[in-house]
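Number of protein chains: 2
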Amino acid sequence: MGARDARKGRTTVTLEDVARAAGVHYSTVSRALDPNAVRRVSADTRKHIQAVAEKMGYQPDMVATGLKRGRTQTVAAIVADLGNPSIAPVLRGIASRLEPAGFMSLFAETQDDSSRLERILNHLLSRRVDAIILTAARVGDSRILRRFVGHGIPVVLALQGLPGIRLPSCTNDDLLGGTLAAQHLIALGHRRLAQLRGPADVQSLSRRAEGFSKAIAAAGATEVVVQSTAPLGTADDGRRLMRVVLDSKRARPTGIFAHHDLMALGALTLAEERGLRCPRDFSIIGYHDVPNLERLVPALTTIRQPLEEAGRAASEMVLHILNSPSRQPRSRRLAPTLVVRQSTGPAPEPALQTVRKSRR
Amino acid sequence: MGARDARKGRTTVTLEDVARAAGVHYSTVSRALDPNAVRRVSADTRKHIQAVAEKMGYQPDMVATGLKRGRTQTVAAIVADLGNPSIAPVLRGIASRLEPAGFMSLFAETQDDSSRLERILNHLLSRRVDAIILTAARVGDSRILRRFVGHGIPVVLALQGLPGIRLPSCTNDDLLGGTLAAQHLIALGHRRLAQLRGPADVQSLSRRAEGFSKAIAAAGATEVVVQSTAPLGTADDGRRLMRVVLDSKRARPTGIFAHHDLMALGALTLAEERGLRCPRDFSIIGYHDVPNLERLVPALTTIRQPLEEAGRAASEMVLHILNSPSRQPRSRRLAPTLVVRQSTGPAPEPALQTVRKSRR
DNA sequence: TTGGATCTGTCAAACGTTTGGCTTATGCAA
DNA sequence: TTGCATAAGCCAAACGTTTGACAGATCCAA
């Protein structure tokens, strides 16, 4: 009869129940139900057992399996901040790739606090998760992670790389993102550019800046860079930086690259307050494709990062490691795409194009 | 010595290892480490064992514990669509409440597909989760859920109630939300209102409409209602509905209530295209407090729903059920709040106020 | 008939805990 | 000293699987 377990009389049917009903030993049931079992049970018995199990509604107990096999079919997704709108698509990517492989995902939030990360990791160790996908890597965390990796459980980084430790990662190609932004503005004829940078100590932003600047230089255009110190992405910051640009004595730039859509938004409103019209007088391009901003007038041209894809790719790596632990998978950089909307247009003074051609 | 388990030589220290090192039986270690164990171990040994365990870095194996105790300290959060920006805050609320209680959360996405929901539930059964929080309830799902509840595992509904089945839920008070919107507009002197409704077959929207209409009627004001059939919340839909309102032969309403911010946005742009200025000529109020829209000009007045709070409250219920399974907790309705920004202002023609006073 | 192979299936030992029952030691009253 | 309660700790049986080792049956060649 169905076993009655600890939980308030919940009824569970076990291997033994099925075995009794089918008139075989429970180990035979186990084998009959294991899709890739060694051939130890005849086709007839197998079919019979499967029928009985089906009829009784047998569900294997994955926690027992986990204990025996040492594999829980669980991976943890650790994020810094669930409030960050970039995160949900990543989680979705993770779930969509892992689910068909029979895995489920636990989630936890570090709130950008290393001690919380450590607590979470210990807890996950205790839960015997099979792997970890970490989107919350901070520079100081490599020590903690190292100990964790020492326990033999795979860690894959998503979105954020981490310098202090060799871990497979799946990040966005910010160099390319910056390049795309620059090439777009150049192609529209802009030759005097400005870059509204995020804080310097974030690796991805440095690369973003580098990609932009290199492409600008390669085209023989000029660029002024202003830099924020605040955490990336407030509109106020964008205003502030844009003010610096407009107040400068140098010739006003016609193409603006903001490291974040909300900065672009702030910059845009400030410029319009000063009587400049976008895209007539200047073009501006943001980064991130923040949701709902496509509703603005003018809708923001931006660089979109493949977030869901990042989650999928990270999961892919996890599965790869789990299936063939011999070698680490290669880290990947995912290509962002340019999303052209209405905030970018042809440069206002085409005459300049030819003048500055050969500066390099 | 540390046991070497199945997973590629990963080293785990077990109760037995600690027991050997401490010179006691492993059951004693188990008791010494259990904070609320019956008094079976002296203070001295307990302290000694704790020290040894600490030094060896012992971490209890929660899957073994789960097997023995029949409790996995895991709850599952099932959502319809991780892409929905409302969901992340709910997840955060869930994690924040559950984590201090020693629980972690699994997540899964139904993609609004009942058969996927069923698969997921079976899988969760197999994993012996302690409870489920479901934000993805659809009308047709009560049958599936009933079977599941029959297995004795608690299900709590968040955000969406479900008519066919008695389940504790934690939803937003849409009636109040509609009322708040109406009262705000009334207080500003508006007497001719319009309501841009979402589709009729969604319960929460009906209540939203009801709350609004009742408050309007109570104030003796008039209202025209136009209704969408599309799934809630596209700007195009808002445009379409607003066009109907403006094209009507009746006197133009001065106060608009849209069932969703994006609808409000669409309505707003259409009205401005027709030469009306907001909030000078008309006021409009949305619903949902969709992120980033506060950057618009004019920034949208809206109704904010306590999403994170919903997650926390649902978790609270789960913990309550788990701790005292005797009685179901009462369902809760969470109060939304009015967020006043710039899209609402005093009604343009104050004279009308007195004229229509006693229509009821 | 004997002696392997091969094919099916059973047996039982794990996996790492929790926990009821048991044993021994200790304290204390008579 | 005995008797007895109580405290402290050990023993071993679970929990539901997986899986190596073994056993019986069948078949076939020698």
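Protein chains in written order, with the working numbering: chain A, 1212 to 1571; chain B, 1212 to 1571. Glycine included, every Cβ here is placed at the ideal spot set by N, Cα and C. No experiment lies behind these values; they were computed from the predicted model shown.
Buried or exposed by the 16-neighbour rule on C-beta atoms within 10 Å, applied to Val1249 of chain B = On the second sequence, residue 1249 of chain B is found 38 positions in, with the first residue counted as 1. Around the beta carbon of Val1249 of chain B, a 10 Å sphere encloses fewer than 16 other beta carbons of the protein chains shown; the residue is thus reported as exposed.
Check whether the segment 1352 to 1359 of chain B touches the segment 1516 to 1535 of chain B, taking contact to mean three or more Cβ pairs, one atom from each stretch, closer than 8 Å.
-> Contact between the segment 1352 to 1359 of chain B and the segment 1516 to 1535 of chain B is absent, because fewer than three Cβ pairs lie under 8 Å.
Consider the C-beta atom of Thr1321 of chain B and the heavy atoms of the ligand NAP; say whether any pair is separated by less than 6 Å.
-> Judged by which ligands are present, the structure shown has none, so any question about the ligand NAP falls away.
Got a sec? Which residues, its chain only, sit under 6 Å from Gly1466 of chain B by beta carbon, not counting five neighbours each side?
-> Counting from 1 along the second sequence, the entry for residue 1466 of chain B is found at position 255. The residues are Leu1396, His1401, Leu1404 and Ser1494.
Compute the beta-carbon to beta-carbon distance between Pro1379 of chain B and Pro1540 of chain B, rounded to the nearest angstrom, for a pair I have assumed lies under 8 Å.
-> By 1-based counting over the second sequence, the position of residue 1379 of chain B is 168. By 1-based counting over the second sequence, the position of residue 1540 of chain B is 329. With a contact defined as Cβ atoms closer than 8 Å, Pro1379 of chain B and Pro1540 of chain B qualify at about 5 Å.
Residue nearest to Gly1307 of chain A in terms of C-alpha spacing, selected from B:Met1315, B:Phe1314, B:Arg1327 and B:Pro1311 = By one-based count along the first sequence, residue 1307 of chain A stands at place 96. As written in the sequence, residue 1307 of chain A is Ser, which differs from the Gly given in the question. The residue from B:Met1315, B:Phe1314, B:Arg1327 and B:Pro1311 with its alpha-carbon nearest to that of Ser1307 of chain A is B:Arg1327.
Proximity to Leu1545 of chain A [Cα-Cα], best of A:Ser1325, A:Ala1299, A:Arg1451 and A:Leu1368 = Taking the first residue of the first sequence as position 1, residue 1545 of chain A is located at position 334. Measuring from the Cα of Leu1545 of chain A, the nearest candidate turns out to be A:Leu1368.
Start-end ranges of the alpha helix (DSSP H) lying completely within the segment 1252 to 1334 of chain B, minimum 4 residues | DSSP runs (the alpha helix (DSSP H)) wholly in the segment 1252 to 1334 of chain B: 1254 to 1267, 1273 to 1280 and 1298 to 1309.
Do the CB positions of Ala1469 of chain A and Phe1423 of chain A come within less than 7 Å of each other?
-> By 1-based counting over the first sequence, the position of residue 1469 of chain A is 258. By 1-based counting over the first sequence, the position of residue 1423 of chain A is 212. In this structure, Phe1423 of chain A does not lie closer than 7 Å to Ala1469 of chain A by Cβ.
Per DSSP, which one or two residues make a beta bridge with Ser1526 of chain A?
-> Numbered from its first residue, the first sequence carries residue 1526 of chain A at position 315. Note: Ser1526 of chain A sits in no beta bridge, so no partner.
CA-to-CA distance, Val1286 of chain B to Arg1189 of chain B, given in whole angstroms = There is simply no residue 1189 of chain B to check, as chain B begins at 1212 and stops at 1571 in what is shown.
Should the segment 1295 to 1314 of chain B be regarded as contacting the segment 1286 to 1306 of chain A, the criterion being three or more beta carbon pairs within less than 8 Å?
-> A contact exists between the segment 1295 to 1314 of chain B and the segment 1286 to 1306 of chain A.
With 16 other CB atoms within 10 Å as the buried threshold, where does Thr1346 of chain A fall?
-> Here residue 1346 of chain A corresponds to residue number 135 of the first sequence, with the count starting at 1. With 16 or more neighbouring CB atoms inside 10 Å of its own CB, Thr1346 of chain A falls in the buried class.
Which bits of chain A does Gln1270 of chain B rub up against, with CB to CB less than 8 Å?
-> To locate residue 1270 of chain B, count along the second sequence from 1; it is residue 59. Ordered by position in chain A, the residues that pass the 8 Å Cβ test against Gln1270 of chain B are Asn1333, Leu1336 and Ser1337.
Grab me the residues of Leu1309 of chain A's own chain with a C-beta within less than 8 Å of its C-beta, minus the 5 sequence neighbours each way, in chain order.
-> On the first sequence, position 98 is the one that residue 1309 of chain A refers to. For Leu1309 of chain A, where only same-chain residues beyond five positions count, the Cβ hits under 8 Å are Val1286, Met1315, Ser1316, Ser1526, Val1529 and Leu1530.
Near Glu1329 of chain B, which residues of its chain fall below 6 Å by C-beta distance, leaving aside the five closest residues on each side in sequence?
-> Stepping through the second sequence from its first residue, residue 1329 of chain B is reached at position 118. Hits under 6 Å: Ile1355.
Does any C-beta atom of chain B lie closer than 7 Å to the C-beta of Asn1503 of chain A?
-> Here residue 1503 of chain A refers to the residue found at position 292 when the first sequence is read from its first residue. Taking Cβ atoms only, chain B reaches closer than 7 Å to Asn1503 of chain A, which makes this a yes.
What three-state label does DSSP hand Ile1364 of chain A in the structure shown?
-> Working through the first sequence from its first residue, we reach residue 1364 of chain A at position 153. Correct three-state label for Ile1364 of chain A: coil.
What alpha helix (DSSP H) runs, 4 residues minimum, are completely inside the segment 1387 to 1454 of chain B?
-> Fully enclosed alpha helix (DSSP H) runs of 4 or longer: 1414 to 1429.
Contact residues within the segment 1314 to 1326 of chain A, judged by C-beta distance below 7 Å to chain B = Of all residues in the segment 1314 to 1326 of chain A, only Met1315, Ser1316, Leu1317, Phe1318, Ala1319 and Glu1320 place a beta-carbon less than 7 Å from a beta-carbon of chain B.
Taking 8 Å as the threshold, find out whether the segment 1448 to 1455 of chain A comes into contact with the segment 1470 to 1481 of chain A through three or more Cβ pairs.
-> The segment 1448 to 1455 of chain A makes contact with the segment 1470 to 1481 of chain A, as at least three CB pairs between them are under 8 Å.
Cross-chain neighbours of Thr1283 of chain B in chain A, by beta carbon under 8 Å = Residue mapping note: residue 1283 of chain B aligns to position 72 of the second sequence, counting from 1. Result: Val1274.
Do the CB positions of Ala1426 of chain A and Thr1390 of chain A come within less than 7 Å of each other?
-> For the purposes of this step, residue 1426 of chain A is taken as the residue at position 215 of the first sequence. For the purposes of this step, residue 1390 of chain A is taken as the residue at position 179 of the first sequence. Against a cut-off of 7 Å, the Cβ pair of Thr1390 of chain A and Ala1426 of chain A comes out as a contact.
Buried or exposed: where does Val1508 of chain A fall if 16 or more other Cβ atoms within 10 Å of its Cβ makes it buried?
-> On the first sequence, position 297 is the one that residue 1508 of chain A refers to. Exposed, since its Cβ has fewer than 16 Cβ neighbours within 10 Å.
Buried or exposed by the 16-neighbour rule on C-beta atoms within 10 Å, applied to Leu1226 of chain B = Translated into positions along the second sequence, residue 1226 of chain B becomes position 15. A residue is called buried when at least 16 other Cβ atoms come within 10 angstroms of its Cβ; Leu1226 of chain B meets this threshold and is buried.
Cut-off 8 Å between Cβ atoms - residues of its own chain near Leu1336 of chain A, not counting five sequence neighbours on either side | Numbered from 1 along the first sequence, position 125 holds the residue referred to as residue 1336 of chain A. These residues qualify, in order along the chain: Phe1359, His1362 and Ile1364.
Cutoff 7 Å; reference Gln1438 of chain B; Cβ partners in own chain excluding five residues on either side = Here residue 1438 of chain B is taken as the residue at index 227 of the second sequence, counted from 1. Counting only Cβ-Cβ distances below 7 Å, and skipping sequence neighbours, we find Arg1408 and Ala1411.
Could you pull out every unbroken alpha helix (DSSP H) segment of at least 4 residues lying fully inside the segment 1497 to 1547 of chain B, listed in chain order?
-> Annotation: the segment 1497 to 1547 of chain B contains the following complete segments of the alpha helix (DSSP H) (minimum length 4 residues), in chain order: 1518 to 1534.
Does the beta-carbon of Thr1555 of chain A have 16 or more other beta-carbons within 10 angstroms, so that it is buried, or is it exposed?
-> Position 344 of the first sequence holds residue 1555 of chain A. Thr1555 of chain A should be labelled buried.
Where the segment 1427 to 1449 of chain A meets chain B: residues whose CB sits under 9 Å from a CB there = Those residues of the segment 1427 to 1449 of chain A placed with their C-beta closer than 9 Å to a C-beta in chain B are Ala1446, ordered along the chain.
Who are the neighbours of Pro1300 of chain A on chain B, taking C-beta pairs under 8 Å?
-> By one-based count along the first sequence, residue 1300 of chain A stands at place 89. Ordered by position in chain B, the residues that pass the 8 Å Cβ test against Pro1300 of chain A are Leu1293 and Gly1294.
Give a yes or no on whether the C-beta atoms belonging to Ala1275 of chain A and Arg1257 of chain A are separated by under 7 Å.
-> Here residue 1275 of chain A is taken as the residue at index 64 of the first sequence, counted from 1. Here residue 1257 of chain A is taken as the residue at index 46 of the first sequence, counted from 1. Contact flag unset, no.
Ordered along the chain, which non-local residues of its own chain (more than five positions away) have a Cβ less than 8 Å from that of Asp1323 of chain A?
-> Here residue 1323 of chain A is taken as the residue at index 112 of the first sequence, counted from 1. Residues Ala1291, Asp1292, Ala1347 and Arg1349 of the same chain have their beta carbon placed closer than 8 Å to that of Asp1323 of chain A, with the five preceding and five following residues left out of the count.
Taking only beta-carbon atoms, is Leu1476 of chain A less than 7 Å away from chain B?
-> Here residue 1476 of chain A is taken as the residue at index 265 of the first sequence, counted from 1. Yes, because at least one Cβ of chain B sits closer than 7 Å to the Cβ of Leu1476 of chain A.
For Ala1217 of chain B, I'd like the list of residues in its chain whose CB is within less than 6 Å of its CB, leaving aside the five on either flank, ordered along the chain.
-> What you label residue 1217 of chain B is simply residue 6 of the second sequence in a count that begins at 1. Note on Ala1217 of chain B: pLDDT 41, under 50, position unreliable in the model; no value is reported.
Any C-beta of chain A sitting closer than 7 Å to the C-beta of Gly1277 of chain B?
-> Within the second sequence, residue 1277 of chain B is the residue found at index 66, counting from 1. Yes, Gly1277 of chain B lies at the interface with chain A (some Cβ there is under 7 Å from its Cβ).
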